[in-house]
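Down below is the structure, laid out as structure tokens.
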Amino acid sequence: MRKLFMNLKQAILITITMFILCGLIYPFAVTALAQGLLHHQANGSLLEINGKAVGSELIGQSFSAPSYFWGRVSAIHYNVYTEDDTVPDKNGQLNYSGVTSGTFNYAPSNPELKKRIEADIKKFLLANPTVKRQDIPADLMTASGSGLDPHISVKAANIQVKRIALASGLSEEEIEKIIEENTEKRTLGIFGENKVNVLMANLTIMKKMDNRQE
Amino acid sequence: MWQIAIVLIIYLPLVILTGHYLYRVTLHQKTWLDPILDKVDAVIYKLCGIKQVDMNGKEYVLSLILSNAIMVFIGYFLLRIQSFLFLNPNNISNMEATLSFNTIISFITNTNLQHYSGESGLSYLSQMLVIIFMMFTSAATGYAACMAFCRRLVAKTDTIGNFFIDFVRVITRILMPISIVVAIILVSQGTPQTLSANKTVQTIEGKLQDIALGPVASLESIKHIGTNGGGFNGANSTTPFENPTVLSNIVEMLSMMLLPGACVVAFSLMIAYRKKKTIFGKQGLAIFAAMSILFLLGLVTVYIAEKAGNPIISELGITQELGSMEGKEMRFGVVQSALFTTVTTAFTTGSVNNMHDTLTPLGGLVPLFNMMLNVVFGGKGVGLMNMMMYVLLTIFIACLMIGRSPQFLGKKIEEKEMKLIALCILIHPAIILLFSALAVVTPTGIAGITNPGAHGLSQVLYEFASASANNGSGFEGLADNSTFWNVTTGLAMFFGRYLTIIIQLAIASLLAKKFWHSDSIGTLKTDNTTFTFLLVAIVLMIGALTFLPALALGPITEHLQLYS
């Protein structure tokens, strides 16, 4: 009995000690190290224009203007919203109920998946009349796992060139150059895929359009 | 594929090195961190009144359960009152009762099944004091159990080792140092580590975007090092902040592969060093090889299945050169996703870098089967213990076939042990299949299913396999935050963890107390290639016998429907 009591006492004390060591000291120490050594990354790799944050290098955004690259399908709309989305609409539904992450989780056999992709293909072909259906790469029509994927494949960027050139007033060569500049190659030439960062490419487009207007 | 091969090649020297370190920590031998850590440990022992006395098997298990129970109470209490506490910049409310129950069981058992979403469900304080804390302690508990188990297999006494000392040493000498290094690597790749609130930015199209921040890196590193798997954000390691680049992806995979593999190496050294020094003991190598064969079989299957794409998407006339991209991230592509999926379920971590619900049927079958077997490396410590059950069973069956008396490391395997081994091997499938059966006959269970047809059954099977194997990944479509799912999976995790550990340590105690017999010509050799293949065959055979009917109704039916 005395042994059990001893064990219980040790169990309680070890819990409290680890509670402080692992739950407080460790995360605070890592925070201090990270904030000191890698300030930019530790705060979310934010992109700023004129001192105001417009997004993060690592987090995708949804774009609807024809003059910008469009990213992958997102179940959560990249957590992008307007003020109107935060108040209930006429059906009492909130269009944006707070920051989240995730995907539709449609199984490959789910008929909803086929329906969604077909609708997105139609929408895309309507906005890009010069593109043929068989040239659309699947990454552009499928949803990413996080709903925040910042990248599209190089092919998915290339098929949008004509539309962007027409809408933005930039030449097709300029857009192609923007794709090239914002393409992230496979790490060390082996790991991952070649991909284009949508937000970074669109920031370049915006800057070029602004320069032209001035 | 080169990128897979290179990751696996980097893994081998790392795991052997860590195995040697682990061996030294287990047996209290000198390591280069001792000058500092001996002092740290001494302070902790003093604060907690821990004395360096050896425990017998029963005392060891009792201490393990007592300390886990106390952690459960503190954690549950915190979740229920988190909104009143500090470090809650995003104003998260208190967690509901059954969800708190599920969450606490999930983290104390090293499962990390998440029925909440991190961004909206937990304050920063809870992420640190409940989640990070339990990630360390549950991993340390599992490893301490494994230390106790291995020691008893090679020792000639049952009174050996002290739970509290093992527990502290694992945290201060293994988990904490590696976690700090990995956390900083992850921050360098872009994982945030801050205590300030989420950020709202104005996009260049004039809309608003919320960006979820937090102390992500400090959680992310121990999540993988401790084979925990519970994400800071809802979508786990698919989110760019939890897993920003291909490099972070590789670091996370190696982190979760490191310690379970190192356990096997350390065990091999404990056996081999009785005779002579070596890099990797033969007995351990035979087990490691068996695990590797099962791992590679799974990996190749997922890779081929995902690369082939989804025939329904091909029918729509678009090009699927990159493979099946639904639910995957562009920066990883099919190859890195297939590898991550196999690793996270083989090593029982449960973090995901793509959504397993959207995997092709055969691609989804592999993670499911990995968790059903629960011996392909497995989570920290307990994976090796599970595999040892199969090792003992294989010895028993093989010896019956050739008419010899079964013996392992000089100890005879007899009736009492075999009964417990059989029980231990049967608990896991019983939990999965019985709870799945319950779920599909009750309306509240069926209410959680979100995909029609055969895939619906796969969702149910996956959830309970993940819970019982203490994995924690999910077919995330399942609407699992309801009383039925919170309670049933909570129970599955609880039994899957503690029943197994108790029985396994009991078996080790029984063996430790036995007389030691030297090997003779008649003894079955358990450290050669023949034994490796025999072991693989037994694991696959038992796995197939128990689970094939359920798998046929789930993923296999879905596959046939897709291709018909």
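Residue numbers (our numbering), protein chains in the order written: chain H, -13 to 200; chain W, 67 to 630. For each residue, glycine too, the CB sits at the ideal point set by N, CA and C.
Handout entry: Distance CB(TYR135 of chain H)-CB(ARG58 of chain H) smaller than 7 Å
Key = The count along the first sequence starts at 1 and reaches residue 135 of chain H at position 149. The count along the first sequence starts at 1 and reaches residue 58 of chain H at position 72. For the sequence presented, residue 135 of chain H should be read as Asp rather than Tyr. Against a cut-off of 7 Å, the Cβ pair of ARG58 of chain H and ASP135 of chain H comes out as a contact.
Handout entry: Integer Cβ distance of THR410 of chain W from VAL418 of chain W, believed to fall under 8 Å
Key = Your numbering for residue 410 of chain W matches position 344 in the second sequence. Your numbering for residue 418 of chain W matches position 352 in the second sequence. That belief holds up - the Cβ atoms of THR410 of chain W and VAL418 of chain W are roughly 6 Å apart, short of 8 Å.
Problem - Nearest to ALA142 of chain H (by Cα), restricted to the options H:ALA129, H:LYS181, H:LYS108 - result: Sequence index remark: in the first sequence, residue 142 of chain H carries index 156 (1-based). It is H:LYS181.
Problem - Within chain H, the residues that ASP276 of chain W reaches when beta carbons sit closer than 7 Å - result: Walking along the second sequence from the start, residue 276 of chain W turns up at place 210. In chain order: ASN65, VAL85.
Problem - Same chain, Cβ closer than 7 Å to ARG149 of chain H, five either side skipped, listed in chain order - result: Your numbering for residue 149 of chain H matches position 163 in the first sequence. Closer than 7 Å at Cβ, skipping near neighbours: PRO52, ALA113, ASN114.
Practice task
Write down every uninterrupted run of the beta strand (DSSP E) in the stretch 167 to 202 of chain W whose length is 3 residues or greater and which is fully enclosed by it, in chain order.
Solution key: none
Practice task
Compare the beta carbon distance of LEU44 of chain H and GLY444 of chain W with 7 Å and say whether it is the shorter of the two.
Solution key: Here residue 44 of chain H refers to the residue found at position 58 of the first sequence. Here residue 444 of chain W refers to the residue found at position 378 of the second sequence. Cβ distance not < 7 Å, so LEU44 of chain H and GLY444 of chain W don't count as in contact.
Problem - Cβ separation of PRO155 of chain W and SER262 of chain W, assumed to be a contact under 8 Å, to the nearest whole Å - result: Position 89 of the second sequence, counted from the first residue, corresponds to residue 155 of chain W. Position 196 of the second sequence, counted from the first residue, corresponds to residue 262 of chain W. Right, their Cβ atoms sit about 7 Å apart.
Practice task
Give the secondary structure of GLU542 of chain W by DSSP, where H, G and I count as helix, E and B as strand, and everything else as coil.
Solution key: In the second sequence, counting from the first residue as 1, residue 542 of chain W sits at position 476. In the structure shown, GLU542 of chain W sits in coil (DSSP, three-state: anything other than H, G, I, E or B).
Practice task
Check each candidate in W:LEU252, W:SER133, W:TRP68, W:VAL138 and name the one with the smallest Cα separation from LEU24 of chain H.
Solution key: As a first step, residue 24 of chain H must be located in the first sequence, where it is residue number 38. Per the Cα distances, W:LEU252.
Problem - LEU32 of chain H versus ILE161 of chain H - alpha carbon distance - result: The residue labelled residue 32 of chain H in the question sits at position 46 within the first sequence. The residue labelled residue 161 of chain H in the question sits at position 175 within the first sequence. So the alpha carbons of these two residues sit roughly 24 Å apart.
Exercise for the section: Count the CB pairs spanning the stretch 67 to 76 of chain W and the stretch 93 to 100 of chain W that are closer than 8 Å, and state whether there are at least three. Expected result: no
Exercise for the section: For ILE198 of chain W, collect the residues of the same chain with a Cβ closer than 7 Å to its Cβ; drop the 5 residues on either side in sequence, then sort them by chain order. Expected result: On the second sequence, position 132 is the one that residue 198 of chain W refers to. So the qualifying residues of the chain are SER284, LEU285, ILE288.
Exercise for the section: Would you list the one or two residues that DSSP bridges to PHE5 of chain H? Expected result: To locate residue 5 of chain H, count along the first sequence from 1; it is residue 19. PHE5 of chain H is not bridged to any residue.
Exercise for the section: Measure from the alpha carbon of CYS389 of chain W to the alpha carbon of each residue in H:ALA61, H:GLY37, H:PRO123, then state which is nearest. Expected result: Residue numbering aside, residue 389 of chain W sits at position 323 when the second sequence is read from its first letter. The amino acid occupying residue 389 of chain W in the given sequence is Gly; Cys does not appear at that position. The residue with the shortest Cα to Cα distance from GLY389 of chain W is H:PRO123.
Problem - Nonlocal neighbours in the same chain, by C-beta distance under 8 Å from MET323 of chain W, ignoring five residues either side - result: For the purposes of this step, residue 323 of chain W is taken as the residue at position 257 of the second sequence. The residues are TYR77, VAL81, VAL409, PHE413, PHE443.
Handout entry: LYS(-5) of chain H: contacting residues in chain W (beta-carbon distance under 9 Å)
Key = For this step, residue -5 of chain H is matched to residue 9 along the first sequence. Within 9 Å Cβ-Cβ: CYS114, GLY115.
Problem - Any 3 or more C-beta pairs closer than 8 Å across the stretch 483 to 497 of chain W and the stretch 588 to 597 of chain W - result: no
Handout entry: Local Cβ density within 10 Å of THR266 of chain W, reported as buried at 16 or more and exposed below that
Key = Within the second sequence, residue 266 of chain W is the residue found at index 200, counting from 1. It counts as exposed.
Handout entry: Proximity of VAL248 of chain W and SER321 of chain W at Cβ, strictly below 7 Å
Key = Position 182 of the second sequence, counted from the start, is the residue given in the question as residue 248 of chain W. Position 255 of the second sequence, counted from the start, is the residue given in the question as residue 321 of chain W. Contact flag set, yes.
Problem - Residues within the stretch 125 to 145 of chain H neighbouring chain W, beta-carbon criterion of under 9 Å - result: ASP125, LEU126, MET127, THR128, ALA129, SER130, GLY131, SER132, GLY133, LEU134, ASP135, PRO136, HIS137, ILE138, SER139, LYS141, ALA142
Exercise for the section: Could you check what DSSP says for ALA328 of chain W in three-state terms: helix, strand or coil? Expected result: Translated into positions along the second sequence, residue 328 of chain W becomes position 262. Three-state DSSP puts ALA328 of chain W in a helix.
Problem - Expected contact under 8 Å - CB spacing of GLY540 of chain W and TYR528 of chain W to nearest Å - result: The residue you call residue 540 of chain W lines up with position 474 of the second sequence. The residue you call residue 528 of chain W lines up with position 462 of the second sequence. Going by Cβ atoms, the distance from GLY540 of chain W to TYR528 of chain W rounds to 7 Å, so yes, they are a contact pair.
Exercise for the section: State the start and end residues of the unbroken alpha helix (DSSP H) segment that holds THR266 of chain W. Expected result: Residue 266 of chain W sits at position 200 when you count from the first residue of the second sequence. Unbroken run through THR266 of chain W is the beta strand (DSSP E), 265 to 268; no alpha helix (DSSP H).
Practice task
Quick one: list the residues of chain W neighbouring LEU19 of chain H, beta-carbon separation under 7 Å, in chain order.
Solution key: Walking along the first sequence from the start, residue 19 of chain H turns up at place 33. What LEU19 of chain H touches in chain W: ILE250.
Exercise for the section: For the stretch 473 to 486 of chain W and the stretch 360 to 367 of chain W, state whether three or more C-beta atom pairs, one from each stretch, are separated by less than 8 Å. Expected result: no
Problem - Enclosing alpha helix (DSSP H) for GLN69 of chain W [first to last residue] - result: For the purposes of this step, residue 69 of chain W is taken as residue 3 along the second sequence, with counting starting at 1. Run containing GLN69 of chain W: 68 to 92, per the alpha helix (DSSP H) assignment.
Problem - Amino acids of chain H, ordered along the chain, whose beta-carbon sits closer than 9 Å to that of SER642 of chain W - result: Not covered by the structure: residue 642 of chain W. The range shown for chain W is 67 to 630.
Problem - For ASN160 of chain W, the nearest candidate out of W:MET357, W:THR460, W:LEU179, W:TYR190 (CA to CA) - result: On the second sequence, residue 160 of chain W is found 94 positions in, with the first residue counted as 1. The candidate whose alpha carbon is nearest that of ASN160 of chain W is W:TYR190.
Exercise for the section: Would you mind sorting GLU200 of chain H into buried or exposed? The rule is 16 or more other CB atoms within 10 Å of its CB. Expected result: The count along the first sequence starts at 1 and reaches residue 200 of chain H at position 214. That one is exposed.
Exercise for the section: Evaluate SER50 of chain H with the Cβ neighbour count: other Cβ atoms within 10 Å of its Cβ, from every protein chain shown; 16 or more gives buried, anything less gives exposed. Expected result: For the purposes of this step, residue 50 of chain H is taken as the residue at position 64 of the first sequence. Exposed, by the Cβ-count rule.
Exercise for the section: Taking only the alpha-carbon atoms, compute the straight-line gap between TYR456 of chain W and ILE131 of chain W and give it to the nearest angstrom. Expected result: By one-based count along the second sequence, residue 456 of chain W stands at place 390. By one-based count along the second sequence, residue 131 of chain W stands at place 65. Computed Cα separation, rounded: 25 Å.
Practice task
Give every residue of the same chain whose Cβ lies closer than 6 Å to the Cβ of ALA328 of chain W, excluding the five residues on either side of it in the sequence, and list them in chain order.
Solution key: On the second sequence, residue 328 of chain W is found 262 positions in, with the first residue counted as 1. Counting only Cβ-Cβ distances below 6 Å, and skipping sequence neighbours, we find VAL81, THR84, GLY85, LEU88.
Exercise for the section: Give the single residue among W:SER471, W:GLY430, W:ALA488, W:GLN275 whose Cα lies nearest to the Cα of SER532 of chain W. Expected result: Translated into the one-based positions of the second sequence, residue 532 of chain W becomes position 466. Out of W:SER471, W:GLY430, W:ALA488, W:GLN275, W:GLY430 has the C-alpha closest to the C-alpha of SER532 of chain W.
Problem - Spatial neighbours of ALA404 of chain W in its chain, beta-carbon cut-off 6 Å, leaving aside the 5 residues before and after - result: By 1-based counting over the second sequence, the position of residue 404 of chain W is 338. VAL368, TYR369, GLU372.
Handout entry: Contact list for the stretch 442 to 466 of chain W against chain H, Cβ threshold 9 Å
Key = none
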